[in-house]
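Undergrad:
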Amino acid sequence: MSMRTNKFLRWTPVLLFGLAIGIFLILFFRYQKKPEIIGMDHLMAASGDKLEISGRYFGDGIDGSKLYIGPNALTSSGIIEWDDTRILARVPRNDGAVLVKVKTRSGTSHGVVLGDASRFPRVDYGPWLPGAPFIEYAEPPAGGPGTLVTLHGEGFGNRRGGGRIWVNRSDSSSLLGTEEPDLTQYVEAMAIDRWTDKLVRFWIPQGSSTGNIYLLKGGQFSNPVSIELSRSAGSLKTGVGVQWSLRQDIVIDRIGSFPGNSLYLHIPSPQPGSGQGEAVILVRSGDSTPVPLRIEGNLATYRMDELEPGSSREVSRQIIVTATPLRAGIVKEFLVSYDPSHPELADALVADKWIRPDLVPRTTARVIGNLRDDWSKSRAVYDYILELLSWDENPPSRVIPDYISTAAADSEGYSYLFVSMARAAKIPARPVGGIIVLNDGTTRSWWWAEVWMEGVGWIPVDPALGDGGDNIVLSGVDGEAADYYFGGLEGRHIAFSRGVLPSGPLQPDPELRIPDGIYTLQGAWEEVSGNLDSYKSFWPIPRVTASYSQSDRGE
Numbered sequence: 000m001s002m003r004t005n006k007f008l009r010w011t012p013v014l015l016f017g018l019a020i021g022i023f024l025i026l027f028f029r030y031q032k033k034p035e036i037i038g039m040d041h042l043m044a045a046s047g048d049k050l051e052i053s054g055r056y057f058g059d060g061i062d063g064s065k066l067y068i069g070p071n072a073l074t075s076s077g078i079i080e081w082d083d084t085r086i087l088a089r090v091p092r093n094d095g096a097v098l099v100k101v102k103t104r105s106g107t108s109h110g111v112v113l114g115d116a117s118r119f120p121r122v123d124y125g126p127w128l129p130g131a132p133f134i135e136y137a138e139p140p141a142g143g144p145g146t147l148v149t150l151h152g153e154g155f156g157n158r159r160g161g162g163r164i165w166v167n168r169s170d171s172s173s174l175l176g177t178e179e180p181d182l183t184q185y186v187e188a189m190a191i192d193r194w195t196d197k198l199v200r201f202w203i204p205q206g207s208s209t210g211n212i213y214l215l216k217g218g219q220f221s222n223p224v225s226i227e228l229s230r231s232a233g234s235l236k237t238g239v240g241v242q243w244s245l246r247q248d249i250v251i252d253r254i255g256s257f258p259g260n261s262l263y264l265h266i267p268s269p270q271p272g273s274g275q276g277e278a279v280i281l282v283r284s285g286d287s288t289p290v291p292l293r294i295e296g297n298l299a300t301y302r303m304d305e306l307e308p309g310s311s312r313e314v315s316r317q318i319i320v321t322a323t324p325l326r327a328g329i330v331k332e333f334l335v336s337y338d339p340s341h342p343e344l345a346d347a348l349v350a351d352k353w354i355r356p357d358l359v360p361r362t363t364a365r366v367i368g369n370l371r372d373d374w375s376k377s378r379a380v381y382d383y384i385l386e387l388l389s390w391d392e393n394p395p396s397r398v399i400p401d402y403i404s405t406a407a408a409d410s411e412g413y414s415y416l417f418v419s420m421a422r423a424a425k426i427p428a429r430p431v432g433g434i435i436v437l438n439d440g441t442t443r444s445w446w447w448a449e450v451w452m453e454g455v456g457w458i459p460v461d462p463a464l465g466d467g468g469d470n471i472v473l474s475g476v477d478g479e480a481a482d483y484y485f486g487g488l489e490g491r492h493i494a495f496s497r498g499v500l501p502s503g504p505l506q507p508d509p510e511l512r513i514p515d516g517i518y519t520l521q522g523a524w525e526e527v528s529g530n531l532d533s534y535k536s537f538w539p540i541p542r543v544t545a546s547y548s549q550s551d552r553g554e
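Just so we're aligned, residue 0 is where the sequence shown starts under numbering that gives the first Met the number 0, counting upward by one.
1. Under three-state DSSP, which class holds Phe-201?
2. Pick helix, strand or coil for Trp-457, following the three-state DSSP scheme.
3. Note down, in chain order, each residue of its chain lying with its Cβ closer than 7 angstroms to the Cβ of Gln-506, except the 5 sequence neighbours on either side.
4. Let me know if Gly-406 comes out buried or exposed under the rule of 16 or more other beta-carbons within 10 Å of its beta-carbon.
5. Can you check DSSP and say which residues form a bridge with Ser-234?
6. Between the Cα of Ala-347 and the Cα atoms of Asp-409, Asp-466 and Tyr-415, which residue gives the shortest distance?
7. Would Val-282 pass as an interface residue toward chain C - the criterion being a Cβ-Cβ separation below 8 angstroms?
8. In whole angstroms, what is the alpha-carbon distance linking Leu-228 and Asp-338?
9. Can you tell me where the alpha helix (DSSP H) holding Ala-566 begins and where it ends?
10. Going by DSSP, what residues sit across from Val-241 in a beta bridge?
11. The alpha helix (DSSP H) that contains Leu-387, what's its start and end?
12. Rounded C-beta distance between Asn-484 and Gly-465? I'm assuming under 8 angstroms.
13. Please report how far the alpha carbon of Asp-181 lies from the alpha carbon of Asn-211, in whole angstroms.
14. Among residues of its own chain, excluding the 5 on either side of Gly-125, which ones have a beta-carbon nearer than 6 angstroms to its beta-carbon?
15. Examine the Cβ distances between the stretch 415-430 and the stretch 467-475 and report whether three or more of them are shorter than 8 angstroms.
16. Return yes when the Cβ of Val-320 is within less than 8 angstroms of the Cβ of Ala-364, no when it is not.
17. Does the distance from the CB of Asn-222 to the CB of Ile-164 come in under 8 angstroms?
18. When you compare each of Gly-54, Tyr-381, Phe-155 and Gly-142 to Glu-453 by their alpha carbons, which one comes out closest?
19. Is Asp-196 closer than 8 angstroms to Glu-138 when the C-beta atoms are compared?
20. Taking 8 angstroms as the threshold (C-beta atoms), are Glu-411 and Val-431 in contact?
21. On a CA-only basis, which of Gln-184, Val-199, Ala-88 and Pro-291 is nearest Tyr-136? Give me that one, please.
22. Name, in chain order, the residues that DSSP records as bridge partners for Pro-430.
23. Put Tyr-484 into one of helix, strand or coil per three-state DSSP.
24. Tell me the DSSP secondary structure of Val-398 in three-state form.
25. Which term fits Asn-438, buried or exposed, when burial requires 16 or more other beta carbons within 10 angstroms of its beta carbon?
26. Along the chain, where does the alpha helix (DSSP H) that runs through Tyr-573 open and close?
27. State the start and end residues of the unbroken beta strand (DSSP E) segment that holds Gly-54.
28. In the DSSP assignment, find the unbroken beta strand (DSSP E) run with Glu-295 in it and report its ends.
29. What does DSSP give as the partner residue(s) for Trp-538 in the beta ladder?
30. Quick one: using the 10 Å Cβ neighbour count with 16 as the cut-off for buried, is Glu-386 buried or exposed?
31. Pop quiz: Thr-300 and Pro-291 are said to be a contact at Cβ under 8 angstroms. What is the actual Cβ separation, rounded to whole angstroms?
32. Does the separation of the CB atoms of Gly-559 and Thr-107 fall below 8 angstroms?
33. Mind checking who Asn-157 pairs with in its DSSP beta bridge?
34. Can the beta-carbon of Trp-81 be found less than 8 angstroms from the beta-carbon of Gly-47?
35. Check whether the Cβ atoms of Ile-254 and Leu-306 sit closer than 8 angstroms, and answer yes or no.
36. Taking the alpha-carbon positions, what's the Leu-264 to Glu-187 distance?
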């Protein structure tokens, strides 16, 4: 036998093994893809109508695959044609609007709502409803918090104006049809990239779940389109929330003035976000209570005119807000890169007057070493700060590098240094200002932080409490504080600012003053106008007047 033949026989098993691996990979990648519905030729149909569904990864036949138009899968008699990108079927009898889904061995597609034409005839409603925006499809049909989604259709308006986008949070109903959604079960997408009459592009907000998206324009809702929200990168698990009732007072006293004066107060309220809902603000009635001049987000601007010498003025508000315990479960192997053009994330990567990543690049590089994912980098920075700093209610310096050299900080210093180093590591991060409710019901101002994990959202981090700051121990903490406060809160943190609130002065070249004991980051607090020579302002920490556990209220 020749040497060439021996070599061939020696390599034959290797070649056969490689061929088997190749076939396996081809089959694996072919069958691991979940089906995706891209569009349907009708959004309304009656029993017996033909429905054409376009998409991909449907498979080449109905063996091992199913089409659902409503709660039950169609039998073979209801399927007219089926290939990998197109299904033609006959609509079965249904009671109202239903979801259309395709299921294969690799998974189930997102659902698309099919309206009942016997209830809403197409001749009366055109593509949807007269004058209402119409969404043809969403691209991509799946994603997570932070994913950039494009809605294609018509009637969106050439500019956003008062247009709004709502993404499902907790609505499990499948019979939405032309009914207006219950917006308490939806979260609004605030980050809009582009808005034209036929295309709207936005980022999926945190708190979203698999389900429908609606576009609201001119007081009319669009048809719903469904999107599937992936949880592969992890999630924020919530516990039983507590509804806190807070009293917020701002008092202006010791006034020295002449006629023709004004004082503007930019007053924050709790800001919704991770573990915290929308706040309800109740203002005490009476002639002495001014009416807000402007409300933007969670900042209300009050104007006091003609403050008289020796008099006293105040704003008194009652705040109701729910805070919920949180625990982050992150699967760092499935974390993906974030979109730096997302406006919230872009703001959470820069240097400003408070957060200075440009002053700690070398320390940060040494701390994170060769770590690659943002979750591991964040934990390395967190552990470094806990090892470095010691609690000091009045630290010797509040300059970012000095926290490192003096190794002393209060909660503000812990927060600002953590966020500065996280941003230096290219991790979107922001300081959070607000209050904590101690076990005895009293409150104090407090600072913590949040980091962004793509596909999950903003994750809370409290390095000061993780380090046992000021010997504070709050009820609800499970396990060691250092581990708990990296990705967890106990429902006693109430945030008033996440990052920097976009508040600026209302007048050109005003005299700006910062009150003592601030618990937010914002561009303006007090703004003096005219002949107001002197005054003293008091901004006491909002205090708890009542609290209710949602479990006690049956919620």
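Don't be surprised by glycine CBs; every beta carbon is placed ideally from N, CA and C.
TA: Looking at the coordinates:
1. Here Phe-201 sits in strand by DSSP.
2. Strand at Trp-457.
3. Taken in chain order, the residues that qualify are Glu-526 and Ser-528.
4. Checking the sequence shown, residue 406 turns out to be Ala, not Gly. Label assigned to Ala-406: exposed.
5. For Ser-234, which the question treats as bridged, DSSP gives the partners Gly-328.
6. Considering only alpha carbons, the answer is Tyr-415.
7. Absence of chain C from the displayed structure is noted, only one protein chain being present.
8. Taking the CA atoms as reference points, Leu-228 sits about 17 angstroms from Asp-338.
9. Not covered by the structure: residue 566. The range shown for the chain is 0 to 554.
10. Val-241 is bridged to Ala-322 and Ser-548.
11. Unbroken alpha helix (DSSP H) run through Leu-387: 373-387.
12. For the record, residue 484 in the displayed sequence is Tyr; it is not Asn. Here Tyr-484 really is in contact with Gly-465; their C-beta atoms are around 4 angstroms apart, less than 8 angstroms.
13. Answer to the nearest angstrom: the Cα atoms are 12 angstroms apart.
14. Here the model assigns Gly-125 a pLDDT of 46, short of 50, so the residue's position is not dependable and the matter cannot be decided.
15. With the cut-off at 8 angstroms, the stretch 415-430 and the stretch 467-475 do not touch.
16. Not a contact, by the Cβ cut-off of 8 angstroms.
17. No, the Cβ-Cβ distance between Asn-222 and Ile-164 is not below 8 angstroms.
18. The shortest Cα separation from Glu-453 among Gly-54, Tyr-381, Phe-155 and Gly-142 belongs to Gly-142.
19. Contact: no.
20. Glu-411 sits away from Val-431, with the two beta carbons spaced by 8 angstroms or more.
21. Looking only at Gln-184, Val-199, Ala-88 and Pro-291, the smallest Cα-Cα distance to Tyr-136 is reached by Val-199.
22. The partner list for Pro-430 (beta bridge, DSSP) reads Ala-448.
23. In the three-state reduction of the DSSP assignment, Tyr-484 falls in the coil class.
24. In the three-state reduction of the DSSP assignment, Val-398 falls in the coil class, being assigned neither a helical nor a strand state.
25. Looking at its Cβ environment, which holds fewer than 16 other Cβ atoms inside 10 Å, Asn-438 is exposed.
26. As shown, the chain starts at 0 and ends at 554. That puts residue 573 outside it, with no answer to give.
27. Its beta strand (DSSP E) spans residues 49-55.
28. Where Glu-295 is concerned, the enclosing beta strand (DSSP E) stretches over 291-295.
29. DSSP, once it has assigned bridges, lists no residue as partnering Trp-538.
30. Exposed is the call here.
31. Correct: roughly 6 angstroms between the Cβ atoms.
32. Residue 559 cannot be examined here, being either before or after the span of the chain that is shown, 0 to 554.
33. Residue pairing by DSSP places Asn-157 in no beta bridge whatsoever.
34. Cβ atoms of Trp-81 and Gly-47: not closer than 8 angstroms.
35. In contact: Ile-254 and Leu-306 (Cβ atoms closer than 8 angstroms).
36. Whole-angstrom Cα-Cα distance: 28 angstroms.
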